[in-house]
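Asks: Just dropping this structure here.
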Amino acid sequence: MQPLNTRVLWVEDDADTREVITFFLEQSGYWVTSAGSSIEALGLARSEHFDLYLLGDWRPHGKESNLCEEIHKSDPGGPILFYSAAAYQTDRQRGMEAGANGYLTKPVGFDHLKEAMTRLLNDATSDIDEGA
2 MQPLNTRVLW VEDDADTREV ITFFLEQSGY WVTSAGSSIE ALGLARSEHF DLYLLGDWRP
62 HGKESNLCEE IHKSDPGGPI LFYSAAAYQT DRQRGMEAGA NGYLTKPVGF DHLKEAMTRL
122 LNDATSDIDE GA
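Residue 92 in the numbering used here sits at position 91 of the sequence shown, with consecutive numbering throughout.
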């Protein structure tokens, strides 16, 4: 899937990281809406359509796995990718059990991030095509 017209909700509590990744994604053709807290992100996820959810580090008002579960409830088919510094196997396992489709541990090169996003978007499109 090409990023053109692909809407991404990017959730990251660190403002500098949020800005850098937003810039990079927008330069790659994605339409990015960013949120700095799980409360803000959940409101956006419930009120707007996103093609992919990119979740960063632990939020001040809730763990990323809790946010993942809530997003999954409101958008069961929306692909969710963790992009987190939480690197323990238990963190990855908790994220995947919460409904994530992928988990990348920071730092990772931007090309690798784009590849993971593209794979999840293609998988989501294939699921929609197969269900039609």
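Glycine is no exception: its CB is placed at the ideal position from the N, C-alpha and C atoms.
What you are looking at is a predicted structure, and each value in this text was computed from that prediction instead of being measured.
Evaluate the contact criterion for the stretch 46–53 versus the stretch 72–80: three or more CB pairs, one atom per stretch, below 8 Å.
Replies: Result yes; three or more Cβ-Cβ pairs closer than 8 Å.
Asks: Taking a contact to mean a Cβ-Cβ separation below 8 Å, would you say residue 55 touches residue 12 in this structure?
Replies: As a working mapping, residue 55 is identified with position 54 in the sequence shown. As a working mapping, residue 12 is identified with position 11 in the sequence shown. Their beta carbons are under 8 Å apart, which means residue 55 touches residue 12 by this criterion.
Asks: When the Cα of residue 34 is compared with those of 104, 89, 8, 106, which residue comes out closest?
Replies: Reading the sequence shown from its first residue, position 33 is the one you call residue 34. Ranking the options by Cα distance to residue 34, first place goes to 8.
Asks: Pick out whichever of 36, 30, 41 has its Cα sitting closest to the Cα of residue 18.
Replies: Numbered from 1 along the sequence shown, position 17 holds the residue referred to as residue 18. Nearest of 36, 30, 41 to residue 18, Cα basis: 36.
Asks: Where do the N-terminal and C-terminal ends of the beta strand (DSSP E) with residue 106 fall, by residue?
Replies: The residue given as residue 106 occupies position 105 in the sequence shown. Counting along the chain, the beta strand (DSSP E) containing residue 106 begins and ends at 103–106.
Asks: Please look up how many angstroms separate the CB atoms of residue 85 and residue 57, rounded, as I've assumed it's under 8 Å.
Replies: Here residue 85 is taken as the residue at index 84 of the sequence shown, counted from 1. Here residue 57 is taken as the residue at index 56 of the sequence shown, counted from 1. Going by Cβ atoms, the distance from residue 85 to residue 57 rounds to 6 Å, so yes, they are a contact pair.
Asks: State the DSSP-derived secondary structure class of residue 83, mapped to helix, strand or coil.
Replies: The sequence position of residue 83 within the sequence shown is 82, counting from 1. Residue state, collapsed to three classes: strand.
Asks: Can you give the Cα-Cα distance for residue 6 and residue 83, rounded to whole angstroms?
Replies: Here residue 6 is taken as the residue at index 5 of the sequence shown, counted from 1. Here residue 83 is taken as the residue at index 82 of the sequence shown, counted from 1. Cα-Cα distance, rounded: 21 Å.
Asks: On the CB-based measure, 16 or more other CB atoms within 10 Å of its CB, does residue 16 come out buried or exposed?
Replies: Your numbering for residue 16 matches position 15 in the sequence shown. Looking at its Cβ environment, which holds fewer than 16 other Cβ atoms inside 10 Å, residue 16 is exposed.
Asks: I'd like the list of long-range same chain contacts for residue 113, defined as Cβ closer than 8 Å, with 5 residues on each side in sequence excluded.
Replies: Walking along the sequence shown from the start, residue 113 turns up at place 112. Only 105 meet the Cβ criterion.
Asks: Would you mind working out which of 29, 53, 26, 24 sits nearest residue 10, comparing C-alpha positions?
Replies: As a position in the sequence shown, residue 10 is number 9, starting the count at 1. Nearest option by C-alpha distance: 53.
Asks: Hey, residue 117 and residue 103: beta-carbon distance below 8 Å or not?
Replies: By one-based count along the sequence shown, residue 117 stands at place 116. By one-based count along the sequence shown, residue 103 stands at place 102. Yes, they are a contact pair.
Asks: The beta strand (DSSP E) with residue 42 in it runs from where to where?
Replies: Position 41 of the sequence shown holds residue 42. Note, residue 42: premise wrong, no beta strand (DSSP E); alpha helix (DSSP H) at 39–48.
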